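Heads up: the sequence shown runs through residues 34 to 432, numbered per the numbering used here.
Even for Gly, the Cβ is constructed at its ideal location relative to N, Cα and C.
As the structure is a prediction and not an experimental result, all values here were calculated from the model.
Data first, discussion second: the structure below is written as structure tokens.
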Amino acid sequence: MDFEKIKELEKEQYMKLFKRQNICFERGEGCTLYDINGHKYTDFFGGIAVNCLGYNNPDLVEAIAKQASKLIHISNLYYNVPQVELTDKLVKNTIFERAFFCNSGAEANECAIKIVRKLAAEKKNGKTTIITARESFHGRTLATVTATGQEKYSAPFAPLPAGFKYIPFNDLEALKAALTPDVGAIMLECIQGESGIMPATYDYLVGAYAFARQKGVLLILDEVQTGTGRTGKFFCFEHYGIQPDIVTLAKGLGGGVPIGCCLARGEAADAFRPGDHGTTFGGNPLACAAANVVVGKLFDTDLLDKVAEKGDYLSDALSSAVARHKFVLDIRGKGLLKGIQLDERIPVSTVVGKMLSLGVVIGTCGHNTLRIAPPYIVSHDEIDDMAEKLETIFSNTNI
Ligand SMILES: Cc1ncc(COP(=O)(O)O)c(C=O)c1O
């Protein structure tokens, strides 16, 4: 099918949801993507911070192919080996005691929300309210879009589920003031991803953790975007030395195969009884076989150190290449998740288009910010090349 036909069919038949770039990707190798017309691109976006091992990773491909030839799906009515192996890896290598697997970040957060509600119901203590931050992003299901502290995502879908309360991010006093007796949990991102790669300050997250402990409410960290090694540690919260009760993962966990995960400890880990929650596909052998490869590499090789090192290299490359331009307002983030905020007069979508024409894929997020989230295997040369191309574009940009 040629590209014109593809675009025509998509326009007629797909729900009117996505503003797509004028590209149809066909295959990838390492950090390189090829479109259906044979054009080559270096990927600094990873399918929105997902493709952490890059494209056509031999171990990942082999594990998926092997598992597909044995058993793709079986349901949670039976045991399956890859699921048990994945759970064991996550439980033995982290502070968490139990896992639940689903298919997306939103579903992982739904699970976390249901744990809070279930504990409140069991204890009959009315602690059903969840505090979330303004500008947060937690997903697109009705509950998670309500948890998301951005009305633009939730308002068109009213009536919304009750029991969420919003506070400004990085404001510890506001959080303390919001902690009324009906609050059962605080749910935060360590770095607000969709709203512009906004890191929680050290004092804020550590303070929120201490305050949650003191008041006996759960701390849920949504690490859908920042988890699975993206910031140079398995969980971003490790940079802050805190221990949340629940963490949610998705994006990178399956290296591109859809899988979400809710990890919990303490009473949160034991909240559910059989029948309280479930999923048909979640934790199926295929997705877990893929995640076992990703998680295995993160726990058993020096991949996390490499992410940290390349993250520093990326920071330096961006600072020396583009920070001098006065329309670059900020460069922030951790590890291989970076945001470059530009003056509103330079729309980031224009920069993304120009980078594509130079053969580099980058993304955007809130507050007119470029989002850079390459596969963990990105090389120094690829980083230098990307920074140089960004600099070429910025040097030819005037405001
Ligand atoms: C922090 C965070 N939570 C949740 C989600 C939702 O994940 P999914 O799109 O897999 O449902 C996202 C997606 O961007 C995210 O960044």
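Cβ-heavy atom distance, Asn-84 to ligand 1, below 7 angstroms: Taken from the Cβ of Asn-84, every heavy atom of ligand 1 lies 7 angstroms or farther away.
Which residue from Asn-431, Pro-277 and Gly-293 puts its Cα closest to that of Lys-284? Nearest C-alpha to Lys-284: Gly-293.
Assumed close pair Ile-275, Ile-219 - CB separation to whole angstroms, cut-off 8 angstroms: The pair is not a contact, with the Cβ atoms about 12 angstroms apart (cut-off 8 angstroms).
Is the Cβ-Cβ distance between Thr-397 and Ser-382 less than 8 angstroms? Yes, these two residues count as a Cβ contact at 8 angstroms.
Where does Gln-374 sit, in a helix, a strand or coil, going by DSSP? In the three-state reduction of the DSSP assignment, Gln-374 falls in the strand class, which pools E and B.
Per DSSP, what kind of secondary structure is Pro-318 in: helix, strand or coil? Of the three classes helix, strand and coil, the one that applies to Pro-318 here is helix, per DSSP.
In its own chain, which residues sit with a C-beta less than 8 angstroms from the C-beta of Phe-332, not counting the 5 before and 5 after it? These residues qualify, in order along the chain: Lys-122, Asn-126 and Phe-267.
Return the chain-ordered list of same chain residues with a C-beta closer than 8 angstroms to the C-beta of Ile-107, the five sequence neighbours on each side being excluded. Cβ neighbours of Ile-107 beyond the five flanking positions: Asn-113, Asn-317 and Pro-318.
Give a single yes or no on whether Asn-142 has its beta carbon closer than 7 angstroms to a heavy atom of ligand 1. At least one heavy atom of ligand 1 falls within 7 angstroms of the beta-carbon of Asn-142.
Taking CB distances under 8 angstroms as the criterion, tell me whether Glu-130 reaches chain C. Chain labels in this structure do not include chain C; a single protein chain is all it has.
In terms of residues, what are the limits of the alpha helix (DSSP H) holding Ile-410? No alpha helix (DSSP H) contains Ile-410, which DSSP labels as neither H nor E.
Please indicate yes or no: does the CB of Ile-81 lie closer than 7 angstroms to some heavy atom of ligand 1? Yes - ligand 1 has a heavy atom lying nearer than 7 angstroms to the Cβ of Ile-81.
Taking only the alpha-carbon atoms, compute the straight-line gap between Asp-92 and Ala-323 and give it to the nearest angstrom. Separation of Asp-92 and Ala-323 (C-alpha to C-alpha, rounded to the nearest whole angstrom) is 9 angstroms.
According to the Cβ coordinates, are Phe-129 and Val-328 closer than 8 angstroms? Against a cut-off of 8 angstroms, the Cβ pair of Val-328 and Phe-129 comes out as no contact.
With a Cβ-Cβ cutoff of 8 angstroms, do Ala-141 and Cys-295 count as a contact? Here Ala-141 is near Cys-295, since their CB atoms are less than 8 angstroms apart.
Answer yes or no: do Leu-86 and Tyr-346 have a C-beta to C-beta separation smaller than 8 angstroms? Between Leu-86 and Tyr-346, the C-beta spacing is not below 8 angstroms.
Using DSSP with H/G/I as helix, E/B as strand and the rest coil, what is Gln-100? In the structure shown, Gln-100 sits in a helix (DSSP, three-state: H, G or I).
Can you give me the C-alpha to C-alpha distance between Gly-287 and Gly-344, rounded to a whole angstrom? Roughly 21 angstroms between the two C-alpha positions.
Of the choices Cys-144, Val-94 and Ser-102, whose alpha-carbon is the least far from that of Asp-303? Taking Asp-303 as reference, the option from Cys-144, Val-94 and Ser-102 with the minimal CA-CA separation is Cys-144.
Does the Cβ of Gln-258 lie closer than 7 angstroms to at least one heavy atom of ligand 1? Yes, Cβ of Gln-258 sits closer than 7 angstroms to a heavy atom of ligand 1.
Where Asn-158 falls, given that 16 or more other Cβ within 10 Å makes a residue buried: Around the beta carbon of Asn-158, fewer than 16 other beta carbons sit within 10 angstroms, so the residue counts as exposed.
Hey, could you find the ends of the beta strand (DSSP E) Val-9 is sitting in? Since the first and last residues shown for the chain are 34 and 432, residue 9 lies out of range.
Taking the beta carbon of Lys-160 as the centre, do at least 16 other beta carbons fall within 10 Å, making it buried, or is it exposed? If you draw a 10 Å sphere on the C-beta of Lys-160, you find 16 or more other C-beta atoms in it, and that means buried.
Return yes when at least one heavy atom of ligand 1 lies under 7 angstroms from the C-beta of Ala-139, else no. Checking every heavy atom of ligand 1 against the Cβ of Ala-139, one is found closer than 7 angstroms.
Residue interval of the beta strand (DSSP E) (run including Phe-133): 131 to 135 is the extent of the beta strand (DSSP E) around Phe-133.
Which whole-angstrom value is the C-beta distance of Phe-197 and Thr-213, which I expect to be below 8 angstroms? Between Thr-213 and Phe-197 the Cβ distance is about 13 angstroms, and since that is not below 8 angstroms, they are no contact.
Which one or two residues does DSSP pair with Pro-232 in a beta bridge? When beta bridges are read from the DSSP output, Pro-232 appears opposite Ile-224.
Who are the near neighbours of Gly-260 in its chain, counting only those whose CB is closer than 6 angstroms to its CB and skipping five residues on each side? Same-chain partners within the cutoff: Phe-268 and Leu-282.
Can you tell me whether Asp-215 is buried or exposed? The criterion is at least 16 other CB atoms within 10 Å of its CB, across all chains shown. Exposure of Asp-215 is indicated by the presence of fewer than 16 other C-beta atoms within 10 angstroms of its C-beta.
Endpoints, the alpha helix (DSSP H) within which Arg-150 is located: From DSSP, the alpha helix (DSSP H) with Arg-150 extends over 138 to 156.
CA nearest to the CA of Glu-62, picked from Met-48, Ala-82, Leu-50 and Asn-89: Among Met-48, Ala-82, Leu-50 and Asn-89, the Cα nearest to that of Glu-62 belongs to Asn-89.
If you draw a straight line from the C-alpha of Arg-173 to the C-alpha of Gly-71, how long is it? One alpha carbon belongs to Arg-173, the other to Gly-71, and they sit about 34 angstroms apart.
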